[in-house]
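Please read the structure below before turning to the comments.
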Amino acid sequence: METVSTCPYCGVGCGVIIEHDEIRVTGVRGDPKHPANFGRLCTKGSTLHLTATPQAITQRLIHPQLRRHKTLPLERVGWDEALDHAAQRFAQAIDEHGPDSVAFYISGQMLTEDYYVFNKLAKGLIGTNNVDSNSRLCMSSAVAGYKATLGADAPPCSYEDIDHADCLLIAGSNMAWTHPVLFRRIEDAKQLRPAMKIIVVDPRRTDTAESADLHLAILPGTDVALYNAMLHVLLWEDFVDLDYIRNHTEGFDALKALVRDYTPAMAGDICGVKPDDIVKAAHWFGQAPAALSLYCQGLNQSSHGTDSNIAIIQLHLATGKIGAPGCGPFSLTGQPNAMGGREVGGMANLLSGHRDLANRDDRAEVARLWGVSDIPAKPGLTAVELFEAVHRGDIKALWIACTNPAQSMPDLLKVHEALAACPFVIVQEVSPNTDTAAYADLLLPAAAWAEKEGTSTNSERCISRVRAAVPPPGEARADWLIAVDFAKRLESILPGHASSIFSYDTVEDVFNEHKVTTLGRDLDIGGLSYELLESAGPQQWPVPTGSCQGTSRLYGSGIFPTANGRASFKPVQYRPTAEQTDARFPLHLNTGRLRDQWHGMSRTGMVPRLYAHRPEPVLEMNARDMELRGIADGDLVQVKGKRSQIILQAAASNALRQAQTYIPMHWGGRFMTGLGPNSLMPSVTDPLSHQPELKHAVVRVERLATGWQLVAFRRDDRGEMHAALQPWLGRFDHATLTLAGRESSVVVLRAWGLSETAPPSIEMMDELMIAMHLDVPHTLVFNDDKRGIAKRALIENERLLGALLCKETRAAKWILDLVVRGGSTKELRKWLFAPIATPPSTYLVRGRVVCNCHDVSEDEIAADYASGLDLASLQSKRNCGTSCGSCLPELRRMATQTMQNSKMWDKGL
Ligand code: SF4
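One point on numbering: in this note's numbering, the residue at position 860 of the sequence shown is 860, and numbering is uninterrupted.
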C-alpha cells in the first residue's frame, strides 16, 4: 500500500510516498506531484523507511515511564497514571508558585496541530506565556527581520523563483548539504541558464561555495558590514530603484546616511575579503533583472542575527527586487515545520495567526477565539531565558516535547545542571535515548513520522498534509492527543474550567480552529481545508476564504502589511561577534550540518549507512594552523573554550581559512565523550529575536599526547547495542560511538587514553567483551601482557562478527571493513592479530562512501577519474549521483581536483 505524506527532516518539505503493509513501513520514494521536490529526495529523505525498520522500532520509546523519586529509576506506567501524575504536578506548581512556574519547550519537528494545542494549553488554559520552541535556535532572527522591514513574518518568495532569478545570493547556508533537493533545483537552473550568477557568502568553502561564481569567505559574524557595503556600491553606481523607494518604503534617508561610511575598502577590512569582490557582488546583484537571496542559520544564529536579516532584505527593497518572479529575500527554514510553529504563534512572544503577544488587541482577540478570559501580557521566557530560569529554580515543572535541548542549546553544562535540578521534567519523545531523556521524571512515548496525521508548512509557506501510514508502536500517541488528554485532566483540577476548551475529536478539528485564527490576517487560510489539500495538493498561504488556490508570491503590489502599507528601512550598524579572539583563545569555532545527518541524530543516527560519508566526529582545521601546533591528521586535540572543553580528533580541511575551525553540530553525548560542540557556545542572544549565537565561539586547540587506543567493532543486526554501550563513553579520556555498515549494522567504539592514563585493566576488557557480546568461548584471544596489547576476534561460519584491538590498532581499518562487508575470513584469519595496516593479500579496503544511494566510495571514484573517465562516464559506469544527487558537488570537486593534479603532473610539479 502507499500513503502520500511529507518528509519530517528539513524545511524544503519534500513530498514522500510511504510504502507499507499497514503494519510496517517497507519503503519510501519521492512524490512526483509535490511542488517542493517533484519526486526527488536527498540521502536523508530516501532512507526514512530505515528509521522505521523492526530493529529501529526496538529503539523506540513505546510506554510511558515514571520516576517516582529523583533517586529511583524510571518504571513503566499506564497513560492514565502518567497524565494524572503530570496534571497533579503542574497543578501543584501553579497553585504554590503561580502559572509562570511551569514552562513548555516544544519543537519545529511538531506538526502545526500539535503546536497549536500546546500553545493554547500554556497561554489559554494555564495562563503562562512560558512556551518556547527550538525554532528559537533556528529562525527567530528571520522572523524579527521580516517583521522589522516588511511588517509581517512572511517569506515573500517561492522555490520556483530560483527558475527565474538572474542572480542568487546564498548567505550563511550550505544548501548543498542542508537543503539538498532545493540545491538540485539551483544546479538545474544554472545548467539551463549558465549566465545566472551565484554568489555564496560563507566563512567556509562548502560544497555550496564550490558551486558559486563568487565565494565571499567573510570572517564570522561580519555579514552586516558586507550587505551595507553592497548597498553603498548600489547607491554609488545608481543601481537603486528610487521610484520603488519613494512609493513603497520609508526610512531610506537614514540608511543612506549610514552606509556612506561602508565603503568596500572599510567592509573588506572588517569582512576579510577583497573590496573588489564586494563591488563585483553588488554589480551582479544590481545588474540582474531578478535577484533572489537565500539564507539560513549563518545569518540567524548570531547575537546580531536580526540586523543581518534586515541588512540583506534592504538590498531587495532598495533595488525594488521583491514581489516579482525571481526576486526577493528568502529565509530558508531549517526544521520541517518551523513555519507552522510561527503561524500558530508557538513561541514565547507570539500569538496565534501571526499576532503579537505585546499587542493588547491581539491578546484580546485570541482570548475571545479561545473562549478564555484573557491571555497574560507578561512575555514568556525565550529558550535561553527559560533554561536560565530552570537553573535558578524558578521553573518547578518543565515539559519538553520533540526536542533535545541537552544537546542543542548553547552553554550545555549549565543546561544539564538546570535539567538535573528541575523538580519535575516531562520529556515527550520517540526515543528513550536522547541526552535530554536521561533527565526525565516522566517519559511520554510520541508517535513518529509515518504514524501521525496533520499538516506542516515548508520554507515557501506551502502547507502539506502529513499522513499516518502505520499505527504507532506500543502505546505511543500523537503529540496533539497527549497534550489534549493532559489539558482535560488539568482543566478538571484547576478552578474555573466548567467546560473544556479542548473539545477536539480529530486532528482536523484542531486544524479548523487554527484556520479561524488566521482569518483576515496576512496568512489567512480561510479557503483551505483538509479536503482541499486532499483534492488539490499542497497550497501556499494565504488561501483566503473563497479562494481554492495558494499564493506563490507576496508584495507584488508594493503594498506591505504595515500601518501605512510601506516597508521600512532600518539603519543597522555592523557589530562584532559576542566573543573575540585573543592570545588565550586565538581561533574561531563555527558549527554546521553534515550532508547525511539530521540535528541530534535521534533518527538518522539509527541508520548505519548515513555514517558512511562522515563516519565520526572530528574538529576540522586549516592545515597551517595544525602545522603551527604540531598537530597531524587524526591526532587527539583538546578544544578549549571560555566555558567548557571537549576532546576530538583533528582533521585538516581546505574549506577553512586560517584561524577558523569547525565542528558539525550533530555529535552529542550519545556519540562522543562530553556534551558535544554546543557546550563551547555562548548563551549570548540577539536583543530582538533572542536567538543565541550558536555559530561562533572562540577556542584554543592543543594536541594531546595519547598513550593507547582501543577499537572495538561488533555486528548488531538487532540494533540494540549502540544504546547499551553509551555509558562506556564516560569511561575513557575520549571515546566515540558510531555505526557502520549498509545492509548490516556494526557498532564502532573507539577509545583513547592520554599518555598518563593506564591501559584498560583485564577486568575492564572482560566487562567490555560482555557488553559487546564478544565473550563467547570460541572468540579468538591474543594477549601480550608485557606490552599491554590485547586482541579479540569473533568468527562464526567464516565471517568476522566482531573484534577488539587494544594498544596495537593499525589493523583497525581493514578489520572494520571486513566486519562491515561480511567477507570470508578463510584467507585472512591468520592476519587478524598481525600489527599490519593492510593484509598482504588482494583484499582491498574501501574508502569513505561518497554516493550513499549507490554505495560508491571515494577510492573507486578517484581511480575512475585517474583512469580518464569524466563525470558523465563515471555516472554511466557506477550510477553515482544519479539518484538523490546529494553527492554531485563532491563528484564535481573530485573531478576538478583530478584534473588539476594531472596538469601539475604534466608540468612535473
Ligand atoms: Fe527531506 Fe531531504 Fe527533502 Fe529536506 S531535502 S525535506 S531532508 S528529502
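Yeah, the Cβ is synthetic: ideal placement off N, Cα and C, and Gly gets one too.
Computed from a predicted structure; not experimentally measured.
For residue 37, the shortest C-beta to heavy atom distance toward the ligand SF4 is below 7 Å.
Look at residue 180: its beta carbon is less than 7 Å from one of the heavy atoms in the ligand SF4. Straight-line measurement puts the Cα of residue 646 at about 7 Å from the Cα of residue 676.
Of 77, 302, 295, the smallest CA-CA separation from residue 688 is found for 302. DSSP places residue 828 in the coil class of the three-state scheme, outside both helix and strand. The criterion of a C-beta distance shorter than 8 Å is not satisfied by residue 806 and residue 851. DSSP places residue 851 inside the beta strand (DSSP E), whose first and last residues are 849–851.
Between residue 444 and residue 64 the beta-carbon gap is near 6 Å, inside 8 Å, which marks them as a contact. Remark: the shortest separation between the CB of residue 44 and any heavy atom of the ligand SF4 falls under 7 Å. The alpha carbon of residue 2 has as its nearest neighbour, out of 19, 591, 253, the alpha carbon of 19. Note on geometry: alpha-carbon atoms of residue 188 and residue 892 lie some 14 Å from one another. Residue side-chain check: residue 28 keeps its Cβ at 7 Å or more from all non-hydrogen atoms of the ligand SF4. In the three-state reduction of the DSSP assignment, residue 876 falls in the helix class. One alpha carbon belongs to residue 281, the other to residue 600, and they sit about 35 Å apart.
For residue 267, the closest alpha carbon among the candidates 470, 286, 218, 510 is that of 218. According to DSSP, residue 621 shares a beta bridge with 652, 661. Of the residues 739, 668, 168, 569, the one whose Cα lies closest to the Cα of residue 612 is 739.
Contact between the region 563–583 and the region 613–629 is absent, with fewer than three C-beta pairs closer than 8 Å.
Here the distance from the Cβ of residue 296 to the nearest heavy atom of the ligand SF4 is not below 7 Å. Between the region 43–52 and the region 444–454, the count of Cβ pairs shorter than 8 Å is three or higher; the stretches touch. In the DSSP assignment, residue 638 falls within the beta strand (DSSP E) that extends over 636–640.
The residue among 385, 368, 324, 673 with its C-alpha nearest the C-alpha of residue 162 is 324. Rounded to the nearest angstrom, the Cβ distance from residue 636 to residue 614 is 18 Å, too far for a contact under 8 Å.
Around the Cβ of residue 693, a 10 Å sphere holds 16 or more other Cβ atoms; the residue is buried.
Rounded to the nearest angstrom, the gap between the Cα atoms of residue 104 and residue 771 is 37 Å. Between the alpha carbons of residue 484 and residue 754 lies a distance of about 52 Å. The continuous beta strand (DSSP E) containing residue 789 extends over residues 789–796. Counting other Cβ atoms within 10 Å of its Cβ, residue 787 stays below 16 and is therefore classed as exposed. In terms of CA proximity to residue 782, 808 leads the group 311, 808, 158, 827. Around the Cβ of residue 44, a 10 Å sphere holds 16 or more other Cβ atoms; the residue is buried. If you check the C-beta of residue 244 against the ligand SF4, you find no heavy atom less than 7 Å away. Sixteen is the threshold: since fewer than 16 other Cβ atoms of the shown chains lie within 10 Å of the Cβ of residue 731, the residue is exposed. Annotated as proximal: residue 223 and residue 171, with beta-carbon spacing under 8 Å.
Judged by pairs of C-beta atoms under 8 Å, the region 325–342 touches the region 135–153, as three or more such pairs exist. The three-state secondary structure of residue 549, taken from DSSP, is coil.
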